[in-house]
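So for the sequence shown, UniProt numbering puts the first residue at 1; every next one is plus one.
One structure is given below, encoded as structure tokens.
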Amino acid sequence: MTRGPYETRLDPALWAYIDAVNAWYPPEILGLPIDKQRAVYDRMSRAFHQGRPAGVKASDGLIVAAGRDIPVRRYQRAGNAAKAMVLYFHGGGFILGGLESHDDICAELCAGTGFDVLSVDYRLAPEHLHPAAYDDAVTAFEWAATSIDLPLVLCGESAGGNLAAAVAQATRRHISAAIGQVLIYPELGGDESTGSYIEHAEAPLLSVADIAFYRDVRSAKRQSPDDPTFSPLRDTDFSGLPPTVIVTAECDPLSSDGETYRDRILASGGKAWWHEEPRLVHSFLRARTTVPAAAEAFARIVAAVAALGRGEWP
């Protein structure tokens, strides 16, 4: 890939991360069959895995649902009575990822907040088109809300941010509705003719062409772009949502989605805060141990989750 205007705009340490990702998962890989893309992505995820912090234990389980079981992994800090549970939805464009790909991120989120974290292995496209992932996400919420005696905080990154937002909107009037949500560079179905979609159409690690590819793989025939379970920004009612923190990357076509979502919540009388991390790119969570700006951003994310889980506004 050519670095273009990003050559000097991004820090050398971030370029080292971008180059490392592309060495594993180059842009042209989108032309390969999905199973081969997954194999490469999984190998890349293992290469970036940082291990779990000391004192964090993880246990796998299943949420039994009609016609399917949803694998989940629960992270807990030893010797600690958690005061909240984080329901975490991983990224991967709705076609990649699972419990292993974001294992260390979930473990660090548990260690940093002291909360339990429940990572959800929702069904992936193209084998399972929309609304399969959404249905799994809502089912996981309903199970946690009725089975775990802890306040819930929704959290997701990229595709997982879409799921977290859709779950928040669908369950906002549930008796055990989430007390907060943190969305990390989420894909929310915003206006692609303006803002970051134009300015950063060819950003490193995620382009508008990539977004279109993932959306098309996920879509069933006659999928309506105005379906809020598919594109949360297409909802017509943003009232009653939990206090929301959105963290995006400046050099990411999806950044404007975060800004728009914040504005819709505020206009509906809710609480929302959006922060665009300067000179970072999509997927910066994996750069948190090598890029200082990404480390600072991750620390802000952990702090936001911790505050919301305590019932405080960050």
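No residue lacks a Cβ here, since even glycine has one placed at the ideal position from N, Cα and C.
Residue nearest to residue i in terms of C-alpha spacing, selected from the options
i    : options                : result
M85  : D11, R43, V153         : V153
S268 : P314, S176, G240, V167 : G240
A78  : S59, Y214, R68         : S59
V302 : P151, D35, V182, G161  : V182
Y185 : T290, A125, P26, A165  : A165
W15  : G270, A304, R310, T290 : T290
P243 : T236, D216, P314       : P314
T229 : L129, E276, K36        : L129
Proximity below 8 Å, CB of residue i to CB of residue j
i    : j    : result
A133 : L163 : yes
T260 : L233 : yes
L118 : L87  : yes
L254 : S196 : yes
C251 : R9   : yes
V120 : V72  : yes
I29  : L205 : no
I175 : Y122 : no
R218 : A297 : no
G92  : Y41  : yes
A203 : H282 : yes
F94  : A47  : no
A294 : R288 : yes
Through-space distance from residue j to residue i, alpha-carbon basis
i    : j    : result
L308 : Q169 : 17 Å
A137 : H90  : 11 Å
A249 : D104 : 21 Å
G180 : E312 : 9 Å
P33  : D149 : 42 Å
E108 : A306 : 12 Å
Q76  : P5   : 43 Å
A304 : L188 : 20 Å
C110 : G55  : 10 Å
E276 : G190 : 16 Å
L266 : V245 : 12 Å
L62  : E7   : 45 Å
Q37  : N22  : 13 Å
Residue i: first and last residue of the uninterrupted alpha helix (DSSP H) it sits in
i    : result
W24  : 12-24
F141 : 132-147
Y41  : 34-48
F284 : Unbroken run through F284: none, as it is neither H nor E.
R264 : 255-267
S119 : Here S119 belongs to no alpha helix (DSSP H); instead the beta strand (DSSP E) covers 116-120.
F213 : 208-218
G112 : 103-113
I29  : Careful: I29 lies outside any alpha helix (DSSP H) and carries neither H nor E.
Environment of residue i [buried if 16+ CB atoms lie within 10 Å]
i    : result
P292 : exposed
G146 : Checking the sequence shown, residue 146 turns out to be Thr, not Gly. Exposed is the call here.
I198 : exposed
S193 : exposed
Residue i: first and last residue of the uninterrupted beta strand (DSSP E) it sits in
i    : result
D292 : It is Pro, not Asp, that sits at residue 292 in the sequence shown. Careful: P292 lies outside any beta strand (DSSP E), inside the alpha helix (DSSP H) at 292-309.
A249 : 244-251
A58  : 56-65
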